[in-house]
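If you read the sequences in order, they're chains R and E. Residue numbering for the first sequence follows full-length UniProt numbering, beginning at 1 and increasing consecutively. Residue numbering for the second sequence follows full-length UniProt numbering, beginning at 1 and increasing consecutively. A short write-up of the structure that comes next.
Protein chains: 2
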Amino acid sequence: MRIGELAALAGVSTRAVRHYHHLGLLPEPARRANGYREYGLRDAVALARIRRLTELGLGLEEVRDVLADDAGRELREVLVELDEDLARQEAAIGVRRERLAALLRQAEEHGGLPAEGPVSRELAALYGEMARTAAARPGPEPAMAAKEREVLALIETMAEPEAGQRMTGLLGQAAEGPAAMARVYEVYELLDELVAAEPDDPRVARVARALSDCIPDAVVAEMDPRAWQVASGETEEGADGFMAAFFADFAPAQAAAVRRAIGLLAERAR
Amino acid sequence: MRIGELAALAGVSTRAVRHYHHLGLLPEPARRANGYREYGLRDAVALARIRRLTELGLGLEEVRDVLADDAGRELREVLVELDEDLARQEAAIGVRRERLAALLRQAEEHGGLPAEGPVSRELAALYGEMARTAAARPGPEPAMAAKEREVLALIETMAEPEAGQRMTGLLGQAAEGPAAMARVYEVYELLDELVAAEPDDPRVARVARALSDCIPDAVVAEMDPRAWQVASGETEEGADGFMAAFFADFAPAQAAAVRRAIGLLAERAR
DNA sequence: CTTGACCTTGTCGCGACGTCAACGTTTCTA
DNA sequence: TAGAAACGTTGACGTCGCGACAAGGTCAAG
Chain R
1 MRIGELAALA
11 GVSTRAVRHY
21 HHLGLLPEPA
31 RRANGYREYG
41 LRDAVALARI
51 RRLTELGLGL
61 EEVRDVLADD
71 AGRELREVLV
81 ELDEDLARQE
91 AAIGVRRERL
101 AALLRQAEEH
111 GGLPAEGPVS
121 RELAALYGEM
131 ARTAAARPGP
141 EPAMAAKERE
151 VLALIETMAE
161 PEAGQRMTGL
171 LGQAAEGPAA
181 MARVYEVYEL
191 LDELVAAEPD
201 DPRVARVARA
211 LSDCIPDAVV
221 AEMDPRAWQV
231 ASGETEEGAD
241 GFMAAFFADF
251 APAQAAAVRR
261 AIGLLAERAR
Chain E
1 MRIGELAALA
11 GVSTRAVRHY
21 HHLGLLPEPA
31 RRANGYREYG
41 LRDAVALARI
51 RRLTELGLGL
61 EEVRDVLADD
71 AGRELREVLV
81 ELDEDLARQE
91 AAIGVRRERL
101 AALLRQAEEH
111 GGLPAEGPVS
121 RELAALYGEM
131 ARTAAARPGP
141 EPAMAAKERE
151 VLALIETMAE
161 PEAGQRMTGL
171 LGQAAEGPAA
181 MARVYEVYEL
191 LDELVAAEPD
201 DPRVARVARA
211 LSDCIPDAVV
221 AEMDPRAWQV
231 ASGETEEGAD
241 GFMAAFFADF
251 APAQAAAVRR
261 AIGLLAERAR
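See the structure below:
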């Protein structure tokens, strides 16, 4: 047999056969006078075994080890290990398919794939409300509003879906209705004015109070108690660094205002 | 944020972030005076979206397309396609795991993994019988015996398990018992003598008859009718080329003897 | 003699980064 | 104040199982 016949017999490519030679998986056979490799049934048997092992999912190195040791002991271990690996892969694929199915279902129920733009329908609704409010107000939209959208999107993409959507839901409840959202926008403008201020600017306290006043008591009562630690700066170094990034993205005076607002909310929660 | 903080926030490596920059997935942010990249929450949002898409299994090129088009239409198509792909992978893994489980089960029932050495327990038994016969006979084992083992192993590794094991079972039945196997070994020696003979050597006919006489009528009756075509040379060019390799591995006179033996069996089958 | 199907060796490419290398910057510590 | 540890920068190579191509040599048939 020449290499093409051998390869066809085993159902692999000639390139693969040469590759196996190169890796030492399959011994190089004798050559004809013209340099062609000359194979016998022995080689077909060996190649078939290689192919069966690779089809089981073994890497070529593993196949070589198994063929070399030829003990049978090691093969069993490798196969068991391989099966565990396959089980993990299968589980991972299952998870991904479930998430895909969830995404596609959600996309059909209310158009809008969560993987892009606003994540959840709650957040999409909030974005819509903000857009309407901005359109109804004179002048350009406050820069703070855009930043707020970013923060919310980040929270939803990074936190567990449950927690993220709960938070968005709370905020949507806090700014429910055009009037409430209009007040929020006024606070955005106040925050915008702090962009170049010092952290000890007297306006910081007033903005913090205005921000706190935007949140109704019902919402404050349901907020995550861990949030109150943020005001004291405890979480800045710990956890996932999210809050650090959050505050670092603000101007100093803005960060101070937000921090103090959270402190006010903490007091109200008690 | 510097790149390490961003990466930690999103749960990826800094290398991955730079990779995304390189591919144009994530825009290069402004640099500090020292050349460090400076990131904001915007980038964290973008990176989180990239990560979610890649975790769904999209390739980076696909992610870039999706982010660029931002239509949502295309994303749905990609996701559906991806789900089909995952389904295929899942099925393939399932098949592999089933085969693995079958292998391991068989290995426990009677030690000996089919992926190495003799394939089935029938063949292992046959090998054992051959070894005993060879030990009981004077002189070295005929070369033909080793070749026979190779052929049988090849058949079992390449054919469907069912057909291969049936064939081995038949042969085991044909050479059942020490006396029968001893007669087979005598035929092996006759075949060995033909290694340098011409195809028209008068011994060819006698060897063919001896070979045919080794197979009892009960076995002939159960053999695959397609085998009879082999004697006429019909299958040499068709099918999978296995028979071509089979005969090519013999010396010309040996091949002729086997072919004529099959012809004799075909007559007996009628 | 050409054509086309085979064979030879050798090298690059893929996908999503990991992992040096060789160097500069910042920050903590003795 | 020096040095070390821990960051950052760009660039290039390694991974895995071959596929694809280059640039030829060999062989049977028309």
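Don't be surprised by glycine CBs; every beta carbon is placed ideally from N, CA and C.
Taking 4 residues as the minimum length, the alpha helix (DSSP H) runs contained wholly in the segment 181-242 of chain R are 203-214, 217-222 and 227-232, in order along the chain.
Taking a beta-carbon distance threshold of 7 angstroms, R37 of chain E does not count as an interface residue toward chain R. For R52 of chain R, the three-state secondary structure derived from DSSP is helix. Assigned with DSSP and collapsed to three states, R32 of chain R falls in coil, not helix or strand. A Cβ-Cβ separation of about 6 angstroms places Q165 of chain E in contact with E122 of chain E under the 8 angstroms criterion. Straight-line spacing of the CA atoms in E81 of chain R and G24 of chain E works out to 38 angstroms. When secondary structure is reduced to three states using DSSP, R270 of chain E falls in the coil class, being assigned neither helix nor strand. Per the C-alpha coordinates, the member of E:A251, E:T168 and E:A10 positioned closest to V204 of chain E is E:A251. Less than 7 angstroms separates the beta-carbon of L211 of chain R from that of V187 of chain R. A Cβ of chain E is located within less than 7 angstroms of the beta carbon of M1 of chain R.
Contact between the segment 51-70 of chain R and the segment 95-104 of chain R is absent: fewer than 3 CB-CB pairs across the two stretches fall below 8 angstroms.
Of the residues assessed, E84 of chain E falls on the exposed side of the cut-off, its CB having fewer than 16 other CB atoms within 10 angstroms. Taking 8 angstroms as the cut-off between beta carbons, the residues of the segment 72-100 of chain E near chain R are G72, L75, R76, L79, V80, L82, D83, L86, A87, Q89, E90, I93, G94, R96, R97, R99 and L100, in sequence order. Not a single C-beta of chain R is nearer than 7 angstroms to the C-beta of L123 of chain E. Using beta-carbon distances, D249 of chain E counts as an interface residue toward chain R, with a partner under 7 angstroms. Inter-segment contact for the segment 194-204 of chain E and the segment 252-261 of chain E is present: three or more beta-carbon pairs are separated by less than 8 angstroms. Only residues of its own chain outside the window of five on either side were considered, and among them A7 have a CB closer than 7 angstroms to the CB of S13 of chain R, listed in chain order.
The beta carbon of R259 of chain E sits no closer than 7 angstroms to any beta carbon of chain R. Under DSSP, R37 of chain E forms a beta bridge with E:R31. The contact set of A255 of chain E on chain R, defined by CB atoms closer than 9 angstroms, is empty, because the minimum CB distance reaches about 13 angstroms. At a C-beta separation below 8 angstroms, M130 of chain E has no neighbours in chain R, since its nearest C-beta there lies roughly 16 angstroms away.
Around the C-beta of Y36 of chain R, fewer than 16 other C-beta atoms lie within 10 Å, and the residue is accordingly described as exposed.
Between L41 of chain E and A10 of chain E the beta-carbon gap is near 11 angstroms, outside 8 angstroms, which marks them as no contact. Listed in chain order, the alpha helix (DSSP H) runs fully inside the segment 56-144 of chain E are 60-69, 73-109 and 121-136, counting runs of at least 4 residues.
Within the UniProt domain "HTH merR-type" (1-69) of chain R, the residues whose Cβ lies closer than 7 angstroms to some Cβ of chain E are M1, E5, A8, L9, G40, L41, R42, A44, V45, A48, R49, R52, L53, L56 and G57, listed in chain order. Listed in chain order, the non-local C-beta contacts of G172 of chain R below 7 angstroms within the same chain comprise E122, A125 and L126, local neighbours out to five positions each way being set aside.
Cβ atoms of S120 of chain R and T157 of chain R stay farther apart than 8 angstroms, at about 10 angstroms.
Excluding sequence positions up to five before and after V219 of chain E, its CB lies within less than 7 angstroms of the CB of L170, Q173 and A174, all in the same chain and listed in chain order. Using a Cβ-Cβ cut-off of 7 angstroms, A107 of chain R is close to R76 of chain E, given in chain order.
Excluding its 5 nearest sequence neighbours in each direction, R137 of chain R has C-beta neighbours in its own chain below 8 angstroms: A182 and Y185, listed in chain order. Chain E has a Cβ within less than 7 angstroms of the Cβ of M158 of chain R. In this structure P142 of chain E is buried. Its beta-carbon is surrounded by 16 or more other beta-carbon atoms within 10 angstroms.
Within its own chain, the residues whose Cβ lies closer than 6 angstroms to the Cβ of G4 of chain R, once the five positions on either side in sequence are excluded, are T14, listed in chain order.
At a cut-off of 7 angstroms between C-beta atoms, A153 of chain E counts as an interface residue with respect to chain R. Straight through space, the alpha carbons of Y20 of chain E and E74 of chain E are spaced by roughly 21 angstroms.
Cβ contact annotation for D192 of chain E (same chain, cutoff 6 angstroms, sequence separation greater than five): P142, A143 and M144, in chain order.
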